[in-house]
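> Anchor point for the sequence shown: position 6 equals 526 in our numbering, and the numbering is continuous, going up by one each time. The beta carbon of each residue, even a glycine, is placed where N, CA and C say it ideally should be.
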Amino acid sequence: MVNAITYILENDATIQSLIGQNKLGSKTKVYPVVVPETEKAPYIVCRVSGRVREGKDCDSRYQIEVISYASSYDDLNAINDAIISALESEPGGTINGVSFSFAVFNTEMDGFEKDHDLYSKMSTFSVYGL
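Take a look at the structure:
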């Protein structure tokens, strides 16, 4: 499921303009599970924090965490708003080899990474798919 979420976020024009590309200029700074140590903020990390299947042959509900990092709180909020918009406006289908129906924003939580002097915001989504 993370492959679909990162693909959606990497290819969203608003997110591209807010976080930019990696040092090599080869990709938008959206990463599955962990960000490379050498990456400079802003960037986004996506991970699955849970999966529930109600019954045999039923779709699963994934709990997805999308964590954004930025050096300013205002930039962080702009990135998070773009994340919510990109994921909730996606109509579903098969994306980057993953089938899903839709994503629903659930919660968000602010943080601060003192070691890196970065603001962080974790937003959780319920994503329904196989």
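1. Are V586 and F645 touching if we call contact CB-CB under 8 Å?
2. Taking only three categories from DSSP, how would you classify V522?
3. Pull up the CB-CB distance for S588 and L596, whole angstroms please, since I reckon it's below 8 Å.
4. Report buried or exposed for N600, applying the criterion of at least 16 other Cβ atoms within 10 angstroms of its Cβ.
5. Within its chain, find whatever has a CB closer than 7 Å to the CB of V618; leave out the 5 residues flanking it on each side and keep chain order.
6. Taking the beta strand (DSSP E) that L592 belongs to, which residues open and close that run?
7. If the criterion is Cβ atoms closer than 8 Å, does the pair Y639 and A590 meet it?
8. Excluding five sequence neighbours on each side, which residues of the same chain lie with their C-beta closer than 7 Å to the C-beta of G612?
9. Out of T614, V554 and A561, which one is the CA nearest neighbour of Y527?
10. With L638 as the anchor, note down where its beta strand (DSSP E) starts and where it stops.
11. Less than 8 Å separating the beta-carbons of I603 and L529?
12. I need the DSSP call for A623, collapsed to helix, strand or coil.
So, from the data block:
1. Along the sequence shown, one-based indexing puts residue 586 at 66. Along the sequence shown, one-based indexing puts residue 645 at 125. Yes, these two residues count as a Cβ contact at 8 Å.
2. Numbered from 1 along the sequence shown, position 2 holds the residue referred to as residue 522. In the structure shown, V522 sits in a helix (DSSP, three-state: H, G or I).
3. Residue numbering aside, residue 588 sits at position 68 when the sequence shown is read from its first letter. Residue numbering aside, residue 596 sits at position 76 when the sequence shown is read from its first letter. Right, the Cβ-Cβ distance comes to about 6 Å (below 8 Å), so this counts as a contact.
4. Taking the first residue of the sequence shown as position 1, residue 600 is located at position 80. Classification for N600: buried.
5. Position 98 of the sequence shown, counting from 1, holds the residue named residue 618. Excluding positions up to five away in sequence, the list reads M521, N523, A524 and G649.
6. What you label residue 592 is simply residue 72 of the sequence shown in a count that begins at 1. This sequence places Ser at residue 592; Leu is not what is there. From DSSP, S592 is part of no beta strand (DSSP E); its letter is neither H nor E.
7. The residue you call residue 639 lines up with position 119 of the sequence shown. The residue you call residue 590 lines up with position 70 of the sequence shown. Yes. Within cutoff.
8. Locating residue 612 in the sequence shown gives position 92, counting from the first residue. Result list for G612: F620, S621 and F622, in chain order.
9. Translated into the one-based positions of the sequence shown, residue 527 becomes position 7. Here the closest residue by C-alpha is T614.
10. Position 118 of the sequence shown holds residue 638. Here the beta strand (DSSP E) through L638 covers L638 to G649.
11. Translated into the one-based positions of the sequence shown, residue 603 becomes position 83. Translated into the one-based positions of the sequence shown, residue 529 becomes position 9. Yes, the Cβ-Cβ distance between I603 and L529 is below 8 Å.
12. Sequence index remark: in the sequence shown, residue 623 carries index 103 (1-based). In the structure shown, A623 sits in a strand (DSSP, three-state: E or B).
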